[in-house]
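Structure record follows, encoded as structure tokens.
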Amino acid sequence: MVKWLSVVSRFGFIFVLFLLLNQCRSENTKDSRKVFRYNEYRNVTSLDPAFSRNPQNIWPINQLFNGLVQLDQNLGIQPEIAHSWSISPDGLRYTFQLRKDVYFHPSPLFGASQTRKVVAADFVNSFDRLKDAELASPGSWVLQQVERYEAPAEDVFTVHLKNPFPAFLGLLTMRYCAVVPNEVANHYGANFRSHPIGTGPFCFKRWDENVKLVLRKNPNYFEKDENGNKLPYLDAIAIQFISDIQSEFMLFLQGKLDFINSLDASYKDELLTPTGTLQNKYKERLNMLKGPYLNTEYIGIYLDSDNPALQSKKIRQAINIGFDRKLMIAYLRNNVGYPAKKGMIPKGLPGTSSEEFEYDPEQARIWVEEYKKEMGETPTLSLATDSNYLDLCEYLQRELQKIGIEIQIEVMPTATLRQAKSSGKLELFRASWIADYPDAENYLSLFNSFNFSPNGPNYTHYKNPTFDRMYRDALSLVSDSLRIEKYKAMDSLALSESPVVPLYYDQVIRFVQKNIKGMEINPINLLVLKNVKKL
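Residues 1 to 535 (our numbering) make up the sequence shown, in order.
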């Protein structure tokens with residue numbers, strides 16, 4: 001293909017690469033067995049990588065776009081469009097060598113050739129676009145540590161940081177940093193969300209919003225498997241948008257969906273035994289994939305609240321040790337997940353605190369009684385949640401009542417909860433933090449006072465000068481071992497003051513039809529379909 005393009009360019013022939021265009025856009029209905037089907041009950045709002053802020057958007061965007069680097073299933077940084085890179089000894093300059101065989105998906109906006117090769121200037125334009133205030137991408141923060149970037153050669157892209165930031169390569173694996181063609185993005189403007197042109201293993205075909213999204217195989221994708229075979233194996237991906245989780249489950253059991261992600265309370269006992277294994281009646285039909293997930297479920301405590309009970313360290317600590325996490329996971333989640341006893345940094349990520357707290361209802365009662373004597377009142381708190389986690393919050397309500405804390409539960413729509421949490425209108429709120437990139441700094445940023453909401457993820461408004469200083473120091477450490485020790489100390493410090501109540505460290509769990517092969521899971525629950533086969 002590269003040689004053919006060069007010949008066309010050399011002799012000035014005006015050829016339309018109709019084969020490329022037609023292959024990417026053809027219906028290919030003859031072999032429906034190779035169409036991978038799943039449902040997205042939360043819906044997709046944009047296919048623009050600049051708006052890849054949540055899993056429902058990230059999953060299809062990951063099929064359409066590529067970045068400089070990518071994560072493997074063990075969270076190792078691997079080449080993608082950059083085949084290699086180097087980092088200066090001071091940790092401030094990153095130099096990426098780009099592949100020369102990566103082409104954008106077909107589009108008439110490329111002119112007669114219908115496509116073109118990706119060059120370093122495309123990353124300059126893509127980063128400029130990500131920072132553009134007019135675009136207002138929620139991912140612009142990933143370039144906060146970047147001082148400048150340039151393309152000194154067609155296949156060389158260089159990034160200069162303001163300060164050393166060892167997690168930077170991990171940040172670049174986020175789809176916010178994917179390459180987009182400037183001429184196409186500029187032409188469509190905000191409508192690039194529904195006219196995506198990338199370089200990924202699948203091309204955009206059709207999006208009937210709220211109904212169905214279809215992606216087709218990119219026959220000119222640059223990656224190959226370990227045997228030299230071209231990826232992807234699938235012919236297409238079809239995504240439905242059925243909002244009812246029970247209907248999604250029934251379609252899956254009927255074989256009309258190829259996999260379902262996560263575990264809903266409405267069918268957990270149908271699929272899983274109380275110990276978390278697949279029920280015998282499904283073992284011949286389904287496979288279950290299960291592994292660590294960089295997702296910490298927690299209760300946030302808004303420390304600027306007027307409620308004196310939340311200002312009391314004794315009450316916050318009493319909440320943390322006043323309920324049995326192990327029993328909660330066994331009873332409510334069929335043992336899917338791990339008790340969160342070591343702060344916010346989840347299992348499997350270096351930096352987890354060496355200290356932990358245990359279930360101790362007697363000590364919790366003592367602290368509550370001391371508070372009552374000091375304040376002359378029973379601590380009464382309001383806990384906000386959405387309907388998906390009502391059972392978990394009701395469990396906390398019952399258990400904390402036993403130690404003398406009254407909890408009033410307020411159920412609200414997810415979007416309302418998110419907004420109220422960000423604006424400081426809630427005393428206690430059920431929340432989760434899924435890692436954006438595989439570094440413990442991602443979790444510790446929730447306690448940095450410079451990240452106070454609504455402008456950052458510090459929703460609790462925790463403030464400690466010692467923690468802030470340690471946070472700044474950690475970012476300047478190039479040594480992984482020294483930085484991890486600093487992370488552990490920071491996690492322990494925040495844990496000792498209990499601005500949050502960690503509930504459990506989640507697990508990735510997927511249920512897959514038997515004829516699906518090659519699906520892997522990873523600790524950030526990213527959907528990767530380029531290696532998947534449908535038999």
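Virtual Cβ for every residue (Gly too), placed ideally from N, Cα, C.
What would DSSP say about Thr380, mapped onto helix, strand or coil? strand
Environment of Leu130 [buried if 16+ CB atoms lie within 10 Å]: buried
Simplified DSSP assignment, three categories, for Tyr487: helix
Would you list the residues sitting across from Ala190 in a DSSP beta bridge? According to DSSP, Ala190 bridges with nothing at all.
Would you report the Cα separation of Asp128 and Ala151, rounded to the nearest angstrom? 13 angstroms
Go ahead and label Asn74 buried or exposed: buried means 16 or more other beta carbons lie within 10 angstroms of its beta carbon, across all protein chains shown. exposed
Could you have a look at Thr95 and say whether DSSP puts it in helix, strand or coil? strand
Where Met490 falls, given that 16 or more other Cβ within 10 Å makes a residue buried: buried
For Leu396, the residue or residues it bridges with in DSSP: DSSP, once it has assigned bridges, lists no residue as partnering Leu396.
Is it the case that the Cβ atoms of Tyr504 and Gly343 are separated by a distance below 8 angstroms? no
CA-to-CA distance, Glu297 to Leu71, given in whole angstroms: 23 angstroms
Length-filtered (4 minimum) alpha helix (DSSP H) runs lying within the stretch 421 to 498: 441 to 444, 465 to 475, 480 to 497
Cβ neighbours of Thr275 in the same chain (closer than 7 angstroms, five flanking residues each side left out): Asn335
Using the three-state DSSP reduction, which class does Phe249 fall into: helix, strand or coil? helix
If you draw a straight line from the C-alpha of Val368 to the C-alpha of Met375, how long is it? 10 angstroms
Quick check on the DSSP output: the beta strand (DSSP E) that includes Gln513 runs from which residue to which? 500 to 513
Selection from Lys425, Gln507, Phe511, Gln513 that minimises the alpha carbon distance to Ile524: Gln507
Could you name the residues that DSSP lists as bridge partners for Gly300? Phe429, Val500
Report the start-end ranges of each alpha helix (DSSP H) in the stretch 98 to 133 that is 4 residues or longer and not cut off at the edges. 120 to 131
Which of helix, strand or coil DSSP assigns to Ala82: strand
Rounded to whole angstroms, what is the Cα-Cα separation between Met174 and Leu493? 29 angstroms
So for Thr414, helix, strand or coil by DSSP? helix
Could I get the ranges of all uninterrupted beta strand (DSSP E) runs contained in the stretch 207 to 243, with 3 residues as the minimum, in chain order? 212 to 217, 236 to 240
Write down every uninterrupted run of the alpha helix (DSSP H) in the stretch 139 to 193 whose length is 4 residues or greater and which is fully enclosed by it, in chain order. 168 to 172, 182 to 188
Give me, in chain order, the residues of the same chain whose beta-carbon lies closer than 6 angstroms to that of Lys347; leave out the 5 immediate sequence neighbours on both sides. Pro292, Tyr338, Tyr505
Sorted by chain position, which residues of the same chain lie with C-beta nearer than 8 angstroms to Asp31's C-beta, five sequence neighbours on each side aside? Its pLDDT being 48, under 50, Asp31 is placed unreliably in this model, and the coordinates cannot settle the point.
Thr385 - partner residues in DSSP beta bridges: Val411
With 16 as the cutoff for other CB atoms within 10 Å, does Asn515 come out buried or exposed? exposed
Between which two residues does the alpha helix (DSSP H) carrying Gln363 extend? 361 to 375
Give me, in chain order, the residues of the same chain whose beta-carbon lies closer than 8 angstroms to that of Glu394; leave out the 5 immediate sequence neighbours on both sides. Ile409
Secondary structure of Pro292, DSSP reduced to three states: strand
Separation of Leu68 from Glu270, as counted between CA atoms: 42 angstroms
Taking the alpha carbon of Val142 as the point to measure from, which residue in Phe157, Asp155, Ser126, Asp386 has its own alpha carbon closest? Ser126
Simplified DSSP assignment, three categories, for Arg325: helix
Here's a check: name, in chain order, each residue in its chain whose Cβ is nearer than 7 angstroms to the Cβ of Pro502, leaving out the five neighbours to either side. Thr296, Tyr298, Ala340, Gly343, Met344
Is Phe357 helix, strand or coil when you go by DSSP? coil
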